[in-house]
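Heads up: the structure comes next, in structure tokens.
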Amino acid sequence: MNTKSIMKNILIITTLTLILAGCSKKEKEVVAESNGANNQLTLSADQLLEMQLQEVNSVPMAESFTAVGEVSFDEDNVVRIYPIVSGSVEEVHVSLGDYVKKGQLLATILSTDITVFQRDYNVAKADLEVADKNMSRAQDLYASGMMSEKDFAEAKKEYTNAKSEFNEKKQILELYGGSSERLDATFRVLAPRSGYIVERNVNAGTQIRTDNGTNIFTISDLKTVWIWANVHESDLAKVSEGDYVTVTTIAYPDQQFKGSITKIGTMLDPASRVIRVRTELNNENGLLKPEMFATVLITSKTSEKVLAIPQAAIVLENNQHYVMKAISDNTFEKVKVSVGRKFNEYAEINEGLTASDKVVVKGSLFALTAYNQKN
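Numbering (the working numbering), first residue to last: 675 to 1049.
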């Protein structure tokens, strides 16, 4: 073999040796990185800018549960108007939903009761006029000594009785809307307070009776409303007066109305096994209407401290809960956690983390996805 061929073979062997040595070194470096990282994820400075971490702490947690409810009138702020005379409705002057002022005419009723009250008034008025004349004559006779003290006392008594009877009949007539100046069988139904007509049970021509127990109008200003929540017997021990209440409705699903429990019912419905719990809500904007359905979140006013993290830090994967826990400033590991109760934006952690651990809150899904791709 000539010198040229020998040198060529030496060059080839040397090159192959260097290539194999390099591959072996690179393979050792990769294995070392994988083993040394211990299935951890390292993020760059730019990636960390998109992350937000939070320390695991004990936070106060209050017991809470949801109940079905409905919007109702504030019964302390409602006036139901009942007929005090029988008769036929001549005209209705307001519609459902109208705002009325105190003293405003709501309806007129043609009633023979008014005619009777006017007749009684006129009789009492005539009797008083006679008694007044007799009293005047008796005073003159008594002053001149022509009437005994006994007869004068009797005349005075008759006058007092006639005046009392007149005043009574006048008050009755005025109470029922009659007029002492004119004969009129019309009874005027007036608003006893300002507010909205939230119930109307009469129309023109409706025959009404004082003994049927049905109100003809209901007035409420709706500035406050009651929420009645139906609490199941199994949840009753969780409820106390003063507990916090958050109400949502189908009409306004993104709006929350907040209040507190003001009354817990005393009677359990034997069929549904629920008890009614009341909350009073401010309704100045008039959004809440009686008979609306409501979802009522009841939260205890007392709380206990539990280990918890924001729910945003938790990622659900294959029906298991995971978080990305910080090992160092830029290194993270995937940790399985046992989640307990949830309250507001927090979730209780029963296993997997300890106080002072740090977890990814913002960007948790990105970090876990990057971890899964790497491993």
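Heads up, the beta-carbon is just placed ideally off N, CA and C, and yes, glycines get one too. Small disclaimer: the values here were computed from a predicted structure and weren't measured.
| Check | Outcome |
| --- | --- |
| Distance between S822 and F791 (C-alpha atoms, nearest Å) | 38 Å |
| Status (buried if at least 16 other CB within 10 Å, exposed otherwise) for R952 | buried |
| Three-state class that DSSP yields for K1048 in the structure shown | helix |
| Collapsed DSSP secondary structure at Q726 in the structure displayed | strand |
| Spatial neighbours of I1050 in its chain, beta-carbon cut-off 7 Å, leaving aside the 5 residues before and after | This structure gives no information on residue 1050, because the portion of the chain shown stretches from 675 to 1049. |
| C-beta contact flag for V733 and A1029 at 7 Å | no |
| For I755, the nearest candidate out of S868, N1024, A982 and K912 (CA to CA) | S868 |
| Which of helix, strand or coil DSSP assigns to E907 | helix |
| Test item: CB-CB of L990 and I1023 under 7 Å | no |
| Nearest candidate by alpha-carbon position, reference A836, set N796, A986, M820 and E848 | N796 |
| Whole-number beta carbon distance between S760 and T884, since they are thought to touch under 8 Å | 5 Å |
| DSSP three-state assignment for Q985, whether helix, strand or coil | helix |
| Whole-Å CB distance - Y829 paired with A812, under 8 Å assumed | Note on residue identity: the sequence assigns Ala, not Tyr, to residue 829. With a Cβ gap of about 4 Å, A829 and A812 count as contacting. |
| Which of helix, strand or coil DSSP assigns to A827 | helix |
| Contact under 7 Å by Cβ, P927 with V753 | no |
| Buried or exposed (CB count within 10 angstroms, at least 16 for buried), S894 | buried |
| V1035 vs A986 beta-carbon contact at 7 Å | yes |
| Proximity of F861 and I783 at Cβ, strictly below 7 Å | yes |
| Cβ-Cβ separation, Y996 to K1016 (assumed contact under 8 Å), whole Å | Contact flag wrong, Cβ pair sits at about 16 Å. |
| Proximity to N877 [Cα-Cα], best of I890, V774, G1026 and N992 | I890 |
| Outcome for D1031 when other beta-carbon atoms lying within 10 angstroms are tallied against a minimum of 16 | buried |
| Backbone CA spacing between K776 and F826 [nearest angstrom] | 48 Å |
| Buried versus exposed call for G1097 [16 or more other C-beta atoms within 10 Å across all chains shown] | With the chain running from 675 to 1049 in the structure shown, residue 1097 is simply not present. |
| Spatially closest choice to L802 from M820, K844, L780 and L715, by CA coordinates | K844 |
| Inter-residue Cα distance where the pair is N993 and V1013 | 12 Å |
| Contact set for T1005: own chain, Cβ-Cβ below 6 Å, skip 5 residues either direction | Q714 and T716 |
| Bridge-paired residues (DSSP) for Q881 | S762 |
| Same chain, Cβ closer than 6 Å to E1025, neighbours up to 5 away in sequence not counted | S1012 |
| Cβ neighbour criterion (16 or more within 10 Å) applied to V804 | exposed |
| Neighbourhood of V872 by C-beta, 6 Å cutoff - its chain only, sequence neighbours within 5 removed | T892 and S894 |
| M998 - containing alpha helix (DSSP H), residue span | Premise fails: M998 lies in the beta strand (DSSP E), Q994 to A1000, not in any alpha helix (DSSP H). |
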